[in-house]
Amino acid sequence: MEFSLRVQEFIELVRNDNRVEAVKYARKYLQSFEKTQLREICKCMALLAYQPNTDTEPYKTLFSEARWNDLVLNFRNENYRLFQLSTQSLLSVAIQAGLSSLKTPQCYSPNCKNPHCPVCQEDFNKIARNLPYSHCVQSRLICRVTGLPLNEHNLPMMLPNGQ
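Counting from 1, one number per residue, gives the positions in the sequence shown under the UniProt record's numbering.
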């Protein structure tokens with residue numbers, strides 16, 4: 001992380017045409033990384049010979065403003081790692097766990113959607129698409145009229161119309 005920040009500072013000095021300051025900066029700060037990052041340091045020093053609007057790779061990538069976005073992402077990930085935080089929010093994890101416990105193959109069948117099932121709702125259905133199906137070892141049939149479990153005292157019946 002420190003090396004990436006030092007390199008970016010060097011690049012900004014070159015981009016602002018402060019090449020003498022960039023060389024001084026490299027001597028002061030990049031020298032300590034010489035044993036482990038020599039190849040990267042050589043690329044950085046070669047930036048002194050190019051203008052910031054060059055089309056030559058890899059120098060175009062080094063001069064790219066997108067490097068700042070990469071540094072921000074690296075800084076966030078390092079911060080999460082340092083404080084042992086998850087990159088996903090706890091709300092997202094809780095919603096995914098709940099949807100996974102309710103998700104069945106019928107949730108994706110157009111003629112079997114249940115209006116009371118959260119996974120069958122369009123927005124939650126998109127979130128649950130990549131989640132695993134719930135695992136039920138013992139099935140229980142529930143009467144759709146009374147809401148009571150079907151058993152030997154409450155036998156399942158079907159009307160002639162299929163209901």
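Cβ coordinates follow ideal geometry from the N, Cα and C atoms, glycine included. This structure is a prediction, so every number in the text was calculated from the model and none was measured.
Checklist entry - If we ignore side chains and look at the alpha-carbon of each, how far apart do Leu99 and Ala66 end up? => result The count along the sequence shown starts at 1 and reaches residue 99 at position 99. The count along the sequence shown starts at 1 and reaches residue 66 at position 66. Their Cα atoms are separated by approximately 36 Å.
Checklist entry - Taking only runs of the alpha helix (DSSP H) that begin and end inside the region 18–48, which ones reach a length of at least 4 residues, in chain order? => result 19–25 and 38–46
Next on the checklist: Quick check on the DSSP output: the alpha helix (DSSP H) that includes Thr104 runs from which residue to which?
Outcome noted: Along the sequence shown, one-based indexing puts residue 104 at 104. No alpha helix (DSSP H) contains Thr104, which DSSP labels as neither H nor E.
Item to check | With 16 other Cβ atoms within 10 Å as the buried cut-off, status of Leu13 | outcome: As a first step, residue 13 is located in the sequence shown; it is residue number 13 there, counting from the start. Result: buried.
Checklist entry - According to DSSP, is Pro149 helix, strand or coil? => result Residue 149 sits at position 149 when you count from the first residue of the sequence shown. Three-state DSSP puts Pro149 in a strand.
Next on the checklist: Using 8 Å as the threshold, is the C-beta distance between Met45 and Ala26 below it?
Outcome noted: In the sequence shown, counting from the first residue as 1, residue 45 sits at position 45. In the sequence shown, counting from the first residue as 1, residue 26 sits at position 26. Yes; because the gap between Cβ atoms is below 8 Å, this pair is in contact.
Item to check | From Val20, Leu5, Leu48 and Phe83, residue whose alpha carbon lies closest to that of Phe33 | outcome: Residue numbering aside, residue 33 sits at position 33 when the sequence shown is read from its first letter. Here the closest residue by C-alpha is Leu5.
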